[in-house]
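Asks: Here it is: the structure, laid out below.
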């Protein structure tokens, strides 16, 4: 077995209670949802050392003999990964990437890559530890985009590793049982005010939070985290007004602050996040990982997709999803469930098939795989 060096941010934010929102966003890579796939990879690959991108070449080489990268939606024009490419090239070890996604407006649109990100992709594809794919991707669309830029057959569809966080009970059965019950408390995965065309949906979701006395769970950006932690003075007047107008436009400033104190919350530990979600009957919103963590906790959930990366992940993994363009009436506590359905047998079979591909990739790299993940792959046989 190889000794893995996982290079990424830490899946555990220590003493988060003592840090301000800017520190928390920095430590989670700009989105607390990143903790989900970081936690998953650290759980699936045993015998590993964790290092950040600030580690020296010598430190990485001394820590292990293969690099493992927990990945997200890095494949797109929005990134420049030239520095990471330089680091990986200098380290010179085999590389495995887990959970890479391509980001574009639709899956009919080809992604464009800058020179740095293209070089990063080519370097990873050319650093496979064996004659087998070494980049686990979120779906067929991402795989097709990688094939545009790499002549090496490097990609295999595994979905997001967060789909395999819960290896302790039958997720499909628990979620299906929940879908048969009434949804009294509906939590929402909060969006951000920088996507104006989603404002109406966000306001409807915020009203559902109010009507069901549930939670408005923030992940991104700094301003949303600040609102969830009562750091109102950290926002300038224009920032505060923009967020208020996006979420609760009819409220006064004091009313919006009171609403945030009552309903808005962020999580900085995946285990506490999932445990808290068990208090709700349903979770929905535009944040994929917030929805996935609910499912992994056995709680019914559905994602409202508005771009290729989110829709691809959901359809690949059997996560209940509706594209925002298909929502034809205002969402309420009474009708939101009408937009989502869940097939436990299909989810279970899909999850098992993806786990099988995931384990095969890890085995080809001679990594020490969590035994419970191996048991899950049998569901896809």
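Residue numbers (this note's numbering): 26 to 406. Heads up, the beta-carbon is just placed ideally off N, CA and C, and yes, glycines get one too. Values in this document were obtained by computation on a predicted structure and should not be read as measured data.
1) For residue 92, which residues does DSSP report across the bridge?
2) Can you tell me the Cα-Cα spacing of residue 148 and residue 90, whole angstroms?
3) Which same chain residues end up closer than 7 Å to residue 106 when comparing Cβ atoms and leaving out the 5 residues on each side of it in sequence?
4) Since residue 215 and residue 243 should fall inside the 8 Å C-beta cutoff, what is the C-beta to C-beta distance between them, to a whole number of angstroms?
5) Would you list the residues sitting across from residue 160 in a DSSP beta bridge?
6) For the alpha helix (DSSP H) that contains residue 310, what are its first and last residues?
7) When the Cα atoms are used, what is the spatial distance from residue 163 to residue 125?
8) Can the beta-carbon of residue 327 be found less than 9 Å from the beta-carbon of residue 308?
9) Below 8 Å, how does it come out for the segment 195 to 205 and the segment 364 to 375: are there three or more Cβ pairs, yes or no?
10) Going along the chain, which residues of its own chain have a beta-carbon closer than 7 Å to the beta-carbon of residue 251, five neighbours each way excluded?
11) Spell out the partners DSSP gives residue 393 in its beta bridges.
12) Does the contact criterion of 3 or more C-beta pairs under 8 Å hold for the segment 48 to 61 versus the segment 102 to 122?
13) Do you know whose CA, among 81, 354 and 362, lies nearest residue 346's CA?
14) Answer yes or no: do residue 272 and residue 240 have a C-beta to C-beta separation smaller than 9 Å?
15) What is the rounded straight-line gap between the Cα of residue 329 and the Cα of residue 81?
16) Quick check: residue 50 and residue 245, are their CB atoms within less than 9 Å of each other?
17) Can you find at least 3 beta carbon pairs, one from the segment 63 to 70 and one from the segment 26 to 36, that sit closer than 8 Å?
18) Rounded to whole angstroms, what's the CA-CA distance from residue 289 to residue 353? Just pull it up for me.
19) With distance defined between alpha-carbon atoms, name the residue in 192, 129 and 184 nearest to residue 104.
20) Using 8 Å as the Cβ pair cut-off and three pairs as the minimum, do the segment 314 to 326 and the segment 337 to 346 touch?
21) Counting only the same chain and skipping the five closest in sequence on each side, list residues whose C-beta sits under 6 Å from that of residue 171.
22) Quick one: residues in its chain with C-beta nearer than 6 Å to the C-beta of residue 306, no 5 flanking neighbours on either side, listed in chain order?
23) Could you please give me the residues that DSSP links to residue 328 through a beta bridge?
24) For a quick check, are the C-beta atoms of residue 382 and residue 182 less than 9 Å apart?
25) Provide the residue span of the alpha helix (DSSP H) that contains residue 295, from first to last.
26) Hey, residue 187 and residue 299 are a contact pair by Cβ (cut 8 Å); roughly how many whole angstroms apart?
27) What three-state label does DSSP hand residue 200 in the structure shown?
28) Under a three-way DSSP split, which group does residue 258 fall into?
29) Comparing C-alpha positions only, which one of 321, 255 and 222 sits nearest to residue 278?
30) Suppose contacts are defined by Cβ-Cβ distances below 9 Å. Is residue 27 in contact with residue 297 by that definition?
31) Suppose you measure from the CA of residue 221 to the CA of residue 97; what does that come to, to the nearest Å?
32) Tell me which residue opens and which closes the alpha helix (DSSP H) that residue 288 is part of.
33) Determine the burial state of residue 166: buried for a count of at least 16 other Cβ atoms within 10 Å of its Cβ, exposed for fewer.
34) Under the three-state reduction of DSSP, which class applies to residue 223: helix, strand or coil?
35) So the alpha helix (DSSP H) residue 165 belongs to, where does it begin and stop?
Replies: Reading it off the structure:
1) As a first step, residue 92 must be located in the chain shown, where it is residue number 67. For residue 92, which the question treats as bridged, DSSP gives the partners 30 and 120.
2) Residue numbering aside, residue 148 sits at position 123 when the chain shown is read from its first letter. Residue numbering aside, residue 90 sits at position 65 when the chain shown is read from its first letter. One C-alpha to the other measures close to 17 Å.
3) Counting from 1 along the chain shown, the entry for residue 106 is found at position 81. Cβ neighbours of residue 106 beyond the five flanking positions: 99, 141, 142 and 145.
4) Locating residue 215 in the chain shown gives position 190, where the first residue counts as 1. Locating residue 243 in the chain shown gives position 218, where the first residue counts as 1. Residue 215 to residue 243, Cβ: 5 Å. Contact.
5) Against the chain shown, residue 160 aligns to sequence position 135. For residue 160, which the question treats as bridged, DSSP gives the partners 122 and 180.
6) To locate residue 310, count along the chain shown from 1; it is residue 285. Segment 307 to 310 is the beta strand (DSSP E) holding residue 310; no alpha helix (DSSP H) there.
7) Walking along the chain shown from the start, residue 163 turns up at place 138. Walking along the chain shown from the start, residue 125 turns up at place 100. Computed Cα separation, rounded: 6 Å.
8) As a first step, residue 327 must be located in the chain shown, where it is residue number 302. As a first step, residue 308 must be located in the chain shown, where it is residue number 283. Cβ atoms of residue 327 and residue 308: closer than 9 Å.
9) yes
10) Numbered from 1 along the chain shown, position 226 holds the residue referred to as residue 251. Contacts found: 46, 259 and 260.
11) What you label residue 393 is simply residue 368 of the chain shown in a count that begins at 1. DSSP lists 71 as partners of residue 393.
12) Result no; under three Cβ-Cβ pairs closer than 8 Å.
13) The count along the chain shown starts at 1 and reaches residue 346 at position 321. Minimum Cα distance to residue 346 is reached at 362.
14) Along the chain shown, one-based indexing puts residue 272 at 247. Along the chain shown, one-based indexing puts residue 240 at 215. It is not a contact, given that the beta carbons lie outside the stated cut-off.
15) Along the chain shown, one-based indexing puts residue 329 at 304. Along the chain shown, one-based indexing puts residue 81 at 56. The alpha-carbon atoms of residue 329 and residue 81 are separated by roughly 41 Å.
16) Residue mapping note: residue 50 aligns to position 25 of the chain shown, counting from 1. Residue mapping note: residue 245 aligns to position 220 of the chain shown, counting from 1. For residue 50 and residue 245, yes; Cβs fall inside 9 Å.
17) yes
18) Counting from 1 along the chain shown, the entry for residue 289 is found at position 264. Counting from 1 along the chain shown, the entry for residue 353 is found at position 328. Their Cα atoms are separated by approximately 27 Å.
19) By one-based count along the chain shown, residue 104 stands at place 79. Of the listed residues, the one whose Cα sits closest to residue 104 is 129.
20) yes
21) Counted from its first residue, the chain shown places residue 171 at position 146. Closer than 6 Å at Cβ, skipping near neighbours: 180.
22) Working through the chain shown from its first residue, we reach residue 306 at position 281. Once the five neighbours on either side are set aside, the close Cβ partners of residue 306 are 208, 209 and 210.
23) Working through the chain shown from its first residue, we reach residue 328 at position 303. DSSP, once it has assigned bridges, lists 310 and 346 as partnering residue 328.
24) By one-based count along the chain shown, residue 382 stands at place 357. By one-based count along the chain shown, residue 182 stands at place 157. Yes, the Cβ-Cβ distance between residue 382 and residue 182 is below 9 Å.
25) As a first step, residue 295 is located in the chain shown; it is residue number 270 there, counting from the start. Start and end: 295 to 302.
26) For the purposes of this step, residue 187 is identified with residue 162 of the chain shown, where counting begins at 1. For the purposes of this step, residue 299 is identified with residue 274 of the chain shown, where counting begins at 1. Rounded, the Cβ-Cβ distance is 11 Å, inconsistent with contact.
27) One-based indexing of the chain shown puts residue 200 at position 175. Residue 200 falls in the helix class under three-state DSSP.
28) Taking the first residue of the chain shown as 1, we reach residue 258 at position 233. Here residue 258 carries a helix assignment [DSSP, helix/strand/coil].
29) If you number the chain shown from 1, residue 278 lands on position 253. Nearest of 321, 255 and 222 to residue 278, Cα basis: 255.
30) As a first step, residue 27 is located in the chain shown; it is residue number 2 there, counting from the start. As a first step, residue 297 is located in the chain shown; it is residue number 272 there, counting from the start. No, the pair does not count as a contact, with Cβ atoms beyond the cut-off.
31) For the purposes of this step, residue 221 is taken as the residue at position 196 of the chain shown. For the purposes of this step, residue 97 is taken as the residue at position 72 of the chain shown. About 24 Å.
32) The residue labelled residue 288 in the question sits at position 263 within the chain shown. Run containing residue 288: 278 to 288, per the alpha helix (DSSP H) assignment.
33) Taking the chain shown and counting its residues from 1, one reaches residue 166 at position 141. Buried, because 16 or more other Cβ atoms sit within 10 Å of the Cβ of residue 166.
34) Residue mapping note: residue 223 aligns to position 198 of the chain shown, counting from 1. Helix at residue 223.
35) Walking along the chain shown from the start, residue 165 turns up at place 140. Its alpha helix (DSSP H) spans residues 165 to 174.
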